[in-house]
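Below is one structure; the comments refer to it alone.
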Amino acid sequence: MDVGFYVLGFLAIASAMLAISLKSLVRAVMALALFFLSIGGLYINMSCEFLGFVQILIYVGGVIVLFLFVIMTSGNIEPGKSNWILRLFGLLSSLLLFLALVWASKPFTFTRLKRFSGIKEIGNLLMTQYLIQFEVVSLLLLVVLIGSIMLLKKE
Amino acid sequence: MNYLLLSAIIFCIGLYGALSRKNGIMVLISIEIMLNAAGLNLAYFSLFYNPSGQIFALFAIVTSAACVGCGLAIFLLAFREKEKIDLDNFNLLKG
Numbered sequence: 003m004d005v006g007f008y009v010l011g012f013l014a015i016a017s018a019m020l021a022i023s024l025k026s027l028v029r030a031v032m033a034l035a036l037f038f039l040s041i042g043g044l045y046i047n048m049s050c051e052f053l054g055f056v057q058i059l060i061y062v063g064g065v066i067v068l069f070l071f072v073i074m075t076s077g078n079i080e081p082g083k084s085n086w087i088l089r090l091f092g093l094l095s096s097l098l099l100f101l102a103l104v105w106a107s108k109p110f111t112f113t114r115l116k117r118f119s120g121i122k123e124i125g126n127l128l129m130t131q132y133l134i135q136f137e138v139v140s141l142l143l144l145v146v147l148i149g150s151i152m153l154l155k156k157e
Numbered sequence: 023m024n025y026l027l028l029s030a031i032i033f034c035i036g037l038y039g040a041l042s043r044k045n046g047i048m049v050l051i052s053i054e055i056m057l058n059a060a061g062l063n064l065a066y067f068s069l070f071y072n073p074s075g076q077i078f079a080l081f082a083i084v085t086s087a088a089c090v091g092c093g094l095a096i097f098l099l100a101f102r103e104k105e106k107i108d109l110d111n112f113n114l115l116k117g
C-alpha cells in the first residue's frame, strides 16, 4: 500500500480534470500548476528524484509563468464555446483509447530492478551515449528562442 | 502497474480536453497534460530496464517547453490579428 502514490495520483487526476474543464483561463493555468506539482511528486515517489526536480523547476517555474504572461498581457481572451458534438466525440475517443490501452497492456508482467538509478548514472548517460541528442535539443531551444522573437517582432 | 493505469487515465483526460475545447490556449494546456502522462510512462518503464527512459522523459520535458514557447507566440500573433483565439477562426487555408 503506497499512500503517497494514491494521494498524488488522486491529486493529479482531479487537477487535470479541473484544468481542462474550468471556464476561466487563469484558473485553468493554476490547476495546471497543481497538476505539474503532483506529477513531480509522483516522479520523486517512484525514485526518479532528478526528473521530479527538473519537472518542478521547468514546468512550475517556466511554463506556468509563460502561460500567465501571455494570458495577462493579451487582455481578456474569450474562453471559447464548445458544442455537444465535440464533447461527445472527445468522450467517445478518449474512452476507446483508454479501453484499448488497458486491453493492450493486459498480457504483460514486469519485474522491478533491484538497483535504483541515481543522478550520477543519468549524467553519465547524457554525456556519453546521448551526447548528440543532448546537443540537438539545445539547438532546438535556440531555434525556438529566435523563432518566437521573430514571430512577435513588430515591423 | 498502478502507474501505467494512472498515466493512461491522465492521457485520456488530456485527449478529451484537446478534442472538446475551442480555445487555443486550452488545447495547449491539454497537450501539456498528455505529454506529462507520456513522460510518467517513460519514467516508470525506466525502473524495469535501464535509466534511458528517464533521459527520454527529460527530452520530452525540454521539447514540450519548446512547444509551449512557440505555440504561445503563434497564439499571441493570432490574437493581435483577430482579437480572439478561437480555433474555428483559423480556417484561412481551407479556401
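Chains as they are written, first to last, in the working numbering: chain W, 3 to 157; chain Z, 23 to 117. Note that CB positions come from ideal geometry on N, CA and C, so glycine has one too.
Collapsed DSSP secondary structure at residue i in the structure displayed
i               : result
N45 of chain Z  : strand
D110 of chain Z : helix
Q131 of chain W : coil
Y61 of chain W  : helix
G91 of chain Z  : helix
G61 of chain Z  : helix
E105 of chain Z : coil
K116 of chain Z : helix
I79 of chain W  : coil
T85 of chain Z  : helix
Per-residue contacts from residue i into chain W (C-beta, under 9 Å)
i              : result
N58 of chain Z : A14, A18, F37, F38, I41, Q57, Y61
F81 of chain Z : Y132, Q135, F136, V139
L62 of chain Z : A14, I41, L44, Y45, M48
Through-space distance from residue j to residue i, alpha-carbon basis
i               : j               : result
T111 of chain W : C50 of chain W  : 21 Å
K106 of chain Z : I79 of chain W  : 6 Å
A21 of chain W  : L13 of chain W  : 12 Å
L109 of chain Z : A65 of chain Z  : 33 Å
V146 of chain W : L98 of chain W  : 35 Å
E137 of chain W : G91 of chain Z  : 19 Å
I87 of chain W  : K122 of chain W : 50 Å
L90 of chain W  : A40 of chain Z  : 13 Å
V104 of chain W : M32 of chain W  : 30 Å
V5 of chain W   : Y61 of chain W  : 25 Å
Whether residue i touches residue j by CB criterion (8 Å)
i               : j               : result
G11 of chain W  : L36 of chain W  : no
G36 of chain Z  : A18 of chain W  : yes
L153 of chain W : L99 of chain Z  : yes
S84 of chain W  : K44 of chain Z  : yes
L26 of chain Z  : S107 of chain W : yes
I31 of chain Z  : I15 of chain W  : yes
Chain Z within 8 Å of residue i, Cβ atoms only
i               : result
R89 of chain W  : yes
G6 of chain W   : no
E93 of chain W  : First, the amino acid is wrong: residue 93 of chain W is Leu here, not Glu. L93 of chain W counts as touching chain Z.
M48 of chain W  : yes
S26 of chain W  : no
L70 of chain W  : no
I148 of chain W : no
Below-8 Å beta-carbon distance, residue i vs any chain W residue
i               : result
I47 of chain Z  : yes
I53 of chain Z  : no
L41 of chain Z  : yes
N111 of chain Z : no
Chain Z contact residues for residue i, given Cβ-Cβ distances below 7 Å
i               : result
L154 of chain W : A95, L98, L99
Per-residue contacts from residue i into chain Z (C-beta, under 8 Å)
i               : result
I79 of chain W  : N45, I47, F101, K106, I107
V104 of chain W : L27, A30
> Of all the residues that make up the segment 122 to 139 of chain W, which are near chain A by a beta-carbon distance shorter than 7 Å?
Replying inline: The displayed structure is made up of protein chains W and Z, and chain A is not among them.
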